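Numbering (the numbering used here), first residue to last: 453 to 904.
Note that CB positions come from ideal geometry on N, CA and C, so glycine has one too.
Keep in mind it's a predicted model, so treat the numbers as computed, not measured.
Working notes for the structure below.
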Ligand SMILES: Cc1ncc(COP(=O)(O)O)c(C=O)c1O
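This is the structure we're talking about:
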């Protein structure tokens with residue numbers, strides 16, 4: 453029975469990434485409160501937030517320290533522009549971000565979403581080369597299956613057929629380079645060979661087109677929206693080495709991986725990688741408010757330094773750029789990391805990984821369980837031996853996630869890959885619930901009979 457609010461929603465809202473005809477036939481789940489790792493619906497039912505409200509929540513919902521920081525900021529200043537003015541919270545956050553980011557990144561350009569963070573990095577790289585007297589460097593290399601957001605520049609360096617194909621005529625297309633996808637691996641070549649092959653191909657592209665390329669843009673360690681593709685160790689470092697060899701910039705998009713998700717503050721740390729431009733968003737505010745940051749090396753910033761009349765300014769900005777409330781939430785979130793949270797994340801990741809193997813690994817429709825820190829992809833397949841997928845029209849991933857709600861867990865799939873990306877503060881008991889609800893949901897929706 454659709455609630456009054458649900459009906460109003462169906463009358464007026466248009467939801468992102470949502471087939472609206474289907475939505476209009478179902479009962480929308482109306483979430484009215486958050487409490488730690490749980491979301492609470494309008495009838496008071498509690499659900500574990502298994503995907504951190506689209507990969508953003510870090511310390512849980514309704515966290516007293518973040519709530520208080522926003523209230524304190526609200527009493528001072530809700531918004532003032534960074535176009536021609538500045539404010540203390542944006543300044544302090546920039547200092548803190550530079551402190552924790554990979555060495556060499558010294559300048560912070562704020563915006564409001566992951567897409568804009570990427571858009572800004574692309575434009576900064578493009579203009580940098582023009583200012584440096586190399587205007588032919590206009591193109592970007594991106595990985596196959598990449599996802600960097602939905603604005604047109606970000607779509608141009610994206611590679612997800614289903615999302616991006618329709619907009620082809622609208623975009624300036626980037627140059628795709630193979631991604632080391634390790635599942636399925638029908639020829640059993642293994643992650644290292646797949647990594648080396650992808651690096652060789654990237655090397656060839658950069659050799660052939662080097663003089664036209666502004667930057668390589670990539671998600672580090674994990675290609676999230678592609679279905680949680682986990683890169684083999686050494687791939688990220690390998691790409692950095694190739695960028696240095698060919699003299700092109702490296703843009704790293706840590707929108708999804710940043711702020712602890714992979715077990716370190718930034719994924720780059722795990723391979724000692726130092727990008728020229730770094731894109732941050734999602735978890736930056738602990739998952740509270742829209743904020744993003746593009747961090748740049750000093751030499752990139754310096755290329756833009758000139759008298760006003762020279763027109764070298766970076767002509768880009770969004771109205772709510774560096775909003776003080778969002779910056780205050782981000783500062784409170786960084787404080788909450790302290791020294792304990794990241795070791796705790798690594799411990800929880802180990803526990804959850806072991807539980808996943810134990811309780812899902814035996815299911816005939818689970819083809820692959822892949823993990824980096826607290827980012828998981830559980831791939832459902834019709835035939836485990838060959839990795840043959842279910843027919844697309846079965847929408848198995850969606851069915852499993854819908855069924856998980858009955859067991860008290862909110863999930864959202866990527867095709868037939870079930871994603872787990874819980875808040876970093878997930879408790880041991882909550883980890884068990886995540887696993888048991890997923891197992892029950894898979895058993896209910898993917899019987900062996902339905903696998904063919
Ligand atoms: C790696 C990556 N980059 C960029 C984005 C886009 O972020 P937003 O949705 O905030 O624009 C996403 C979103 O999922 C992402 O995963």
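Heavy atom of ligand 1 within 8 angstroms of residue 503 beta-carbon
no
Which same chain residues end up closer than 6 angstroms to residue 669 when comparing Cβ atoms and leaving out the 5 residues on each side of it in sequence?
Counting only Cβ-Cβ distances below 6 angstroms, and skipping sequence neighbours, we find 592, 594, 609, 703.
Kindly give me the distance between the Cβ atoms of residue 732 and residue 751, rounded to whole angstroms, as I take these residues to be in contact under 8 angstroms.
Not a contact, Cβ separation roughly 20 angstroms.
Consult DSSP for residue 746 and reduce its assignment to one of helix, strand or coil.
Reduced to three states, the DSSP call for residue 746 is strand.
Would you mind working out which of 460, 736, 756, 835 sits nearest residue 789, comparing C-alpha positions?
736
What's the gap between the Cα of residue 468 and the Cα of residue 554?
33 angstroms
Can you tell me where the alpha helix (DSSP H) holding residue 648 begins and where it ends?
643 to 661
Is it buried or exposed, residue 560, if we count other Cβ atoms within 10 angstroms and call 16 or more buried?
buried
Is the beta carbon of residue 526 closer than 9 angstroms to that of residue 777?
yes
Report the three-state DSSP secondary structure of residue 852 (helix, strand or coil).
Helix at residue 852.
Given a cut-off of 9 angstroms on the beta-carbon distance, is the pair residue 601 and residue 875 in contact?
no
From which residue to which residue does the alpha helix (DSSP H) around residue 822 run?
Careful: residue 822 lies outside any alpha helix (DSSP H), inside the beta strand (DSSP E) at 818 to 824.
Per-residue DSSP class, three states only, for residue 467
If DSSP states are grouped into helix, strand and coil, residue 467 belongs with coil.
DSSP state of residue 885, grouped into three classes?
Residue 885 falls in the helix class under three-state DSSP.
Run through DSSP, which three-state label would residue 492 get?
In the structure shown, residue 492 sits in a strand (DSSP, three-state: E or B).
So, at 7 angstroms on beta carbons, what are the nonlocal neighbours of residue 860 in its own chain, with the 5 sequence-adjacent residues on each side left out?
498, 499, 500, 885, 889
DSSP three-state assignment for residue 720, whether helix, strand or coil:
helix
Any chance the CB of residue 600 is under 8 angstroms from a heavy atom of ligand 1?
Under cutoff, so the answer is yes.
For ligand 1, I want to know if residue 456 counts as a neighbour, meaning its beta carbon is within less than 8 angstroms of at least one of the ligand's heavy atoms.
no
Taking residue 754 as the reference, which of 453, 484, 562, 583 has the closest Cα?
Closest by alpha carbon: 583.
Continuous alpha helix (DSSP H) stretch holding residue 831: start and end
No alpha helix (DSSP H) contains residue 831, which is instead part of the beta strand (DSSP E) from 827 to 832.
Would you call the region 854 to 872 and the region 823 to 832 in contact, with 3 or more CB pairs under 8 angstroms?
yes
Buried or exposed by the 16-neighbour rule on C-beta atoms within 10 Å, applied to residue 823
buried
Let me check you understand the geometry: is the CB of residue 705 closer than 8 angstroms to at least one non-hydrogen atom of ligand 1?
yes
CB residue 873 to CB residue 502, shorter than 9 angstroms?
yes
Cβ of residue 872 versus every heavy atom of ligand 1: is any distance shorter than 8 angstroms?
no
Closest to residue 852 by C-alpha separation, out of 891, 819, 838, would be which residue?
891
Tell me the DSSP bridge mates of residue 499?
491
Just to confirm my understanding: we take residue 676, look at its own chain, exclude 5 residues before and 5 after, and list those with CB closer than 6 angstroms. What are they?
Only 708 meet the Cβ criterion.
Taking all protein chains shown into account, do 16 or more other C-beta atoms lie within 10 angstroms of the C-beta of residue 459, making it buried, or fewer, making it exposed?
exposed
Range of the contiguous alpha helix (DSSP H) that encloses residue 873
It is not in any alpha helix (DSSP H) - residue 873 carries neither H nor E in the DSSP assignment.
Can you give me the Cβ contacts of residue 660 inside the same chain, cut-off strictly under 8 angstroms, excluding the 5 residues immediately before and after it?
none
Taking 8 angstroms as the cut-off, is the CB of residue 570 close to at least one heavy atom of ligand 1?
Yes.
Would you call the region 709 to 718 and the region 476 to 496 touching, i.e. three or more CB-CB distances under 8 angstroms?
Too few Cβ pairs lie closer than 8 angstroms, so no.
Nearest residue (CA-CA) to residue 897, options 543, 848, 862
Out of 543, 848, 862, 848 has the C-alpha closest to the C-alpha of residue 897.
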